[in-house]
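To keep things clear, I will list the structure first and then write my remarks on it.
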Amino acid sequence: MYESHELARHPYSKDNSPSFSPTMSIAIVPVFFIILPYTVQAASAPSKPIFQFINEGDLNMYSGEYSSTFRNVRGVDAPDRMGLFFYNNTPNTYTLAVGVGFIPLWVWGANRNNPVHEGATLTLQKDGNLVLTNANRDVVWQKNTANKGVIGIKLIDTGNLVLLDDQAYELHLEYSSVDGETAGDYVLATTKYGSTFSFIRLDYDGNVRIYTYSDKTPDGIWAVEFVLFNKDNSPFSSSLETECQLPERCGNFGVCYKDQCVACPSPKGLLGWTETCQAPRLCACSGGKMVKYYKIEGVEHFTSKYTKGEGPIRESECGNKCSKDCKCSGYFYHQETARCWIAYDLKTLTKSGNSKHVAYIKMSG
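This note's numbering numbers the first residue of the sequence shown as 1 and each following residue consecutively.
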């Protein structure tokens, strides 16, 4: 082994040539190198996921609901006429969804408000967590099931996407009455086509519909057998409510009568309704001091029909509850039963025709 040394230069040498101080002594010190054995440990490769699918490749030749294009997520066990898909309504904006039928209706979506792009990846990791990442590896959605013994993924015939170990993680639904007691079987509709393939869905507009898949339906694919909120002249004899019970039937605010938005409540009374109708914007909360309201007679809040409200209680006490609650937008009161409803979202009010059913809309907080 050789070690090279550069001679120290005298700080005052004009030609910067090597120079030595006459009093300097140089000691020659032998230099020894000890070579020790060593090993290089290769970096461990990341563990192989249980399942992985990359959103890329050919799209299906048919269109799904909403005129969407889609591709199947291959490798997920699923029953006939069901599947897991990436679908999009606009180019390169995909939702991971469960679809039902040859022309899929989308019954569940993981990332409706946060679409992914080409190259996104769905992964069931080795630790059991199901994760959807975008092409840049940002996590968009995950199931948070790490270290819970998950060993597989499956779509079952109820339409639920489940993660499996010795048991299955499932979403269980049951019909319950308003007071929370289980009401048992409740028949909403009977299929007209003799099909055994139907499902119920809460749709994007807030309505509840039952769809039936059969080659005997008018379009040979899907038929709507039941609509919860529908017009008075609806062909669905099994409809339970009119469209006025839909919270957003009149947009942000309005009074609905016979499925039509007929008025915009204001401090000056009921004005003609337009899509610009808005409830008052509340300023800083005063905690119950100097709160102002305007009154509307003969209307119901969309929750009044389905909840018991609070009471018996005096009308003034009902108002005090709203005034002290900074999140309260108004209160509704039935004078003949002395019952009170506190409203945090006003939305669509239904005309009742009963002048003893009154609403107070908060103007200032």
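By construction, the Cβ of each residue, glycine as well, lies at the ideal position given by its N, Cα and C atoms.
### Query
Since Glu297 is in the beta strand (DSSP E), which residue starts that stretch and which ends it?
Lys292 to Glu297
### Message
As a quick exercise: from Pro91, Lys362 and Pro79, pick the residue whose alpha carbon is nearest that of Gly101.
### Response
Pro79
### Query
For Val107, which residues of its own chain have a beta-carbon under 8 Å away from its beta-carbon, when the five flanking residues on both sides are left out?
Ala97, Val98, Gly99, Val100, Gly159, Phe199 and Arg201
### Task
Whole angstroms is fine: what's the gap from Arg339's alpha carbon to Glu310's?
Going from the Cα of Arg339 to the Cα of Glu310 covers about 5 Å.
### Message
Comparing C-alpha positions only, which one of Thr348, Ile156 and Asp138 sits nearest to Gly83?
### Response
Nearest C-alpha to Gly83: Ile156.
### Query
In this structure, does DSSP put Ser316 in helix, strand or coil?
helix
### Query
How should Tyr331 be labelled, buried or exposed, when 16 other C-beta atoms within 10 angstroms of its C-beta is the threshold for buried?
Burial call: buried.
### Message
I'd like to know whether the C-beta of Val162 is nearer than 7 Å to at least one C-beta of chain C.
### Response
As a matter of chain content, chain C is missing from the structure shown, which is built from one protein chain.
### Task
Tell whether a beta-carbon distance below 7 Å holds between Ala146 and Asp127.
yes
### Query
Which residue's Cα is closest to the Cα of Asn207: Tyr213, Lys231 and Lys192?
Lys231
### Message
Quick check on Ser67: does DSSP put it in helix, strand or coil?
### Response
helix
### Message
Let's test the definition: count the other Cβ atoms within 10 Å of the Cβ of Ala120 and tell me whether it reaches 16, buried, or not, exposed.
### Response
buried
#### Entry: Test item: CB-CB of Asn55 and Tyr87 under 7 Å
No; because the gap between Cβ atoms is not below 7 Å, this pair is not in contact.
### Task
In angstroms with no decimal places, state the Cα-to-Cα distance between Asp345 and Lys308.
Each residue's Cα considered, the two are about 17 Å apart.
### Task
Round the Cβ separation of Thr348 and Pro247 to the nearest angstrom and send it over; I've been treating them as touching at under 8 Å.
6 Å
### Closest Cα partner of Arg71 within the set Pro91, Gly149, Gly254 and Asp58
Asp58
#### Entry: Nearest-angstrom Cβ-Cβ length linking Leu270 and Ala263, presumed shorter than 8 Å
4 Å
### Query
In the structure shown, what three-state DSSP assignment does Glu174 receive?
Note on Glu174: pLDDT 38, under 50, position unreliable in the model; no value is reported.
### Query
Looking at the unbroken beta strand (DSSP E) that takes in Lys347, where does it start and where does it end?
Lys347 to Lys351
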